Amino acid sequence: MSAEALEEFEEAGGGDAAQAAQPNAHRPQSLLFSFFGGVVRGRDRSPIPTSVFLRLLGELGVAEAAARATLARMTRKGLLERSQVGRTAHYRLTPETDALVRKAADRVTAPAPFEHPDGQWTLLSYSVPESRRDLRHRVRATLTWAGFGGLRDGLWIAPGTVDVGAVLADAGLAEVADLAEWFAASPSPGVRVDQLIRRAWPVDRIRESHERFIRTWWSEPAGQDPLAQVTLLGADWLRLLRSDPGLPARFLSPDWPAAQSAAVYRRCYESLLPAAHHRLDLELGRTVLG
Numbered sequence: 022m023s024a025e026a027l028e029e030f031e032e033a034g035g036g037d038a039a040q041a042a043q044p045n046a047h048r049p050q051s052l053l054f055s056f057f058g059g060v061v062r063g064r065d066r067s068p069i070p071t072s073v074f075l076r077l078l079g080e081l082g083v084a085e086a087a088a089r090a091t092l093a094r095m096t097r098k099g100l101l102e103r104s105q106v107g108r109t110a111h112y113r114l115t116p117e118t119d120a121l122v123r124k125a126a127d128r129v130t131a132p133a134p135f136e137h138p139d140g141q142w143t144l145l146s147y148s149v150p151e152s153r154r155d156l157r158h159r160v161r162a163t164l165t166w167a168g169f170g171g172l173r174d175g176l177w178i179a180p181g182t183v184d185v186g187a188v189l190a191d192a193g194l195a196e197v198a199d200l201a202e203w204f205a206a207s208p209s210p211g212v213r214v215d216q217l218i219r220r221a222w223p224v225d226r227i228r229e230s231h232e233r234f235i236r237t238w239w240s241e242p243a244g245q246d247p248l249a250q251v252t253l254l255g256a257d258w259l260r261l262l263r264s265d266p267g268l269p270a271r272f273l274s275p276d277w278p279a280a281q282s283a284a285v286y287r288r289c290y291e292s293l294l295p296a297a298h299h300r301l302d303l304e305l306g307r308t309v310l311g
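Counting with the numbering used here, you get residues 22 to 311 for the letters of the sequence shown.
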């Protein structure tokens, strides 16, 4: 998996500053990743006509010019393949990006994505030369997506047992493995794990992200196209997964909302998906009929 493709996928949901300014806003690219991962994944890989993407993104408030620019940019970056059928352009994920989306689906669809039952923690230390700022940025983005938080410069921690070698290799960063050491361990008796968690992660902000997700999706929004709804649900969920690596609830407050978020997502996704698939079939049929 190329580091560029992974970085594009990781950053598709936007940064913390953008989310703070517009909590419900998503980049068009994030919406397309959600569409492919939540609706198209599991179906055949037949290319999809441009008109389907334009209608979907338009339903979600994306102007046609911005939608076309996003498709062109993702193609240029090697995230999408473009093909021509008559006068109509079609798109699908490249094999590389398709593999990335399928791998991300392991956590997206997990019944308990915020839990690590082994009780272990992974500690990682690495040193990348200051002159390699591009590499440092890629490593940080990769570790963040893998669930790591920074304890101090060069020292990272993640809940659960993380296969760091595989994480780096999948991101095209195998060279960093020679610059890093990592191991999994359990906290010693007396260690204030709750304080350690708060040093490594913005716990209050993560709680707010869970609560925002629950408020938004507790009752399914009425009147919106089901294909657009499930796409927006997936984008919100992917953003939440990116913000919370699975912090153990037993070290946080008794009302920590992660389990409720997961239940709300499963209920909404299972409810919306059949109608979304039906709508996509109608869209594809309409395109074929002209």
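Ideal Cβ placement from N, Cα and C applies to all residues, glycine included. Since the structure is predicted, the reported quantities are computational estimates derived from the model, not experimental observations.
Consult DSSP for SER55 and reduce its assignment to one of helix, strand or coil.
Three-state DSSP puts SER55 in a helix.
How would you call LEU301, buried or exposed, if buried means at least 16 neighbouring beta carbons within 10 angstroms?
Counting Cβ neighbours within 10 Å, LEU301 comes out buried, since at least 16 surround it.
Taking a contact to mean a Cβ-Cβ separation below 8 Å, would you say ARG62 touches VAL122 in this structure?
Less than 8 Å divides the Cβ of ARG62 from the Cβ of VAL122.
PRO70 by DSSP, collapsed to three states: which one?
strand
Give the DSSP-derived three-state secondary structure of PHE234 in the structure shown.
Of the three classes helix, strand and coil, the one that applies to PHE234 here is helix, per DSSP.
Work out the CA separation of GLY211 and LEU118 for me, nearest whole Å.
In the sequence under discussion, the amino acid at residue 118 is Thr, which differs from the Leu named in the question. So the two alpha carbons sit approximately 44 Å from each other.
Would you say PHE135 and ALA283 are within 8 Å of each other, going by their C-beta atoms?
yes
List the residues that DSSP assigns as beta-bridge partners of PHE4.
Because residue 4 is not part of the residues shown, which for the chain are 22 to 311, the question remains open.
Quick one: complete beta strand (DSSP E) runs, 3+ long, within the stretch 137-203?
If you keep only unbroken beta strand (DSSP E) runs of at least 3 residues inside the stretch 137-203, you get 142-147, 170-173 and 176-180.
Can you tell me which of the three DSSP states ALA110 falls into?
DSSP places ALA110 in strand when its eight states are reduced to three.
Using the rule of at least 16 other Cβ atoms within 10 Å of the residue's Cβ for burial, across every protein chain shown, is TRP238 buried or exposed?
Classification of TRP238: buried, given that the 10 Å Cβ count is 16 or more.
What distance in whole Å lies between the Cβ atoms of GLY267 and GLY170, which are believed to be in contact at a cut-off of 8 Å?
Between GLY267 and GLY170 the Cβ distance is about 11 Å, and since that is not below 8 Å, they are no contact.
Which same chain residues, not among the five before or five after GLY35, have their C-beta less than 6 Å away from its C-beta?
Residue placement at GLY35 cannot be trusted, given a pLDDT of 48 that sits under 50; what the coordinates show is reported in the next sentence. Cβ neighbours of GLY35 beyond the five flanking positions: ARG48.
State yes or no: is the C-beta of ALA201 within less than 8 Å of the C-beta of THR182?
No, Cβ-Cβ distance for ALA201 and THR182 is not below 8 Å.
Nearest to TRP277 by alpha carbon, out of ASP155, SER292 and ILE227?
Closest by alpha carbon: ILE227.
Hey, VAL185 and TRP203: beta-carbon distance below 8 Å or not?
yes
What's the C-alpha gap between LEU176 and LEU144?
7 Å
Which of the three DSSP states is assigned to ARG103 in this structure?
strand
Starting from THR96, trace the alpha helix (DSSP H) in both directions and tell me its first and last residue.
85-97
Which residues mark the beginning and the end of the alpha helix (DSSP H) in which THR118 is found?
116-129
Would DSSP call GLU241 helix, strand or coil?
Coil.
Considering only the alpha carbon of each residue, which of LEU53, PRO70 and ARG76 lies closest to THR109?
The shortest C-alpha to C-alpha distance from THR109 to any of LEU53, PRO70 and ARG76 is the one to PRO70.
Leaving aside the five residues before and after PHE272 along the sequence, list all residues of the same chain whose C-beta is less than 7 Å from its C-beta, in chain order.
VAL214, ASP215 and ILE218
Where does GLY82 fall in DSSP's three states?
Coil, per DSSP.
How far does the alpha helix (DSSP H) with GLY255 in it reach, from first residue to last?
247-264
Could you check what DSSP says for HIS298 in three-state terms: helix, strand or coil?
helix
Do you know whose CA, among ARG260, PRO180 and GLN105, lies nearest TYR138's CA?
It should be noted that the sequence gives Pro, not Tyr, for residue 138. Among ARG260, PRO180 and GLN105, the Cα nearest to that of PRO138 belongs to PRO180.
Determine the direct distance from the alpha carbon of ASP65 to that of HIS299, and round the result to whole angstroms.
If I take the Cα positions, the gap works out to 15 Å.
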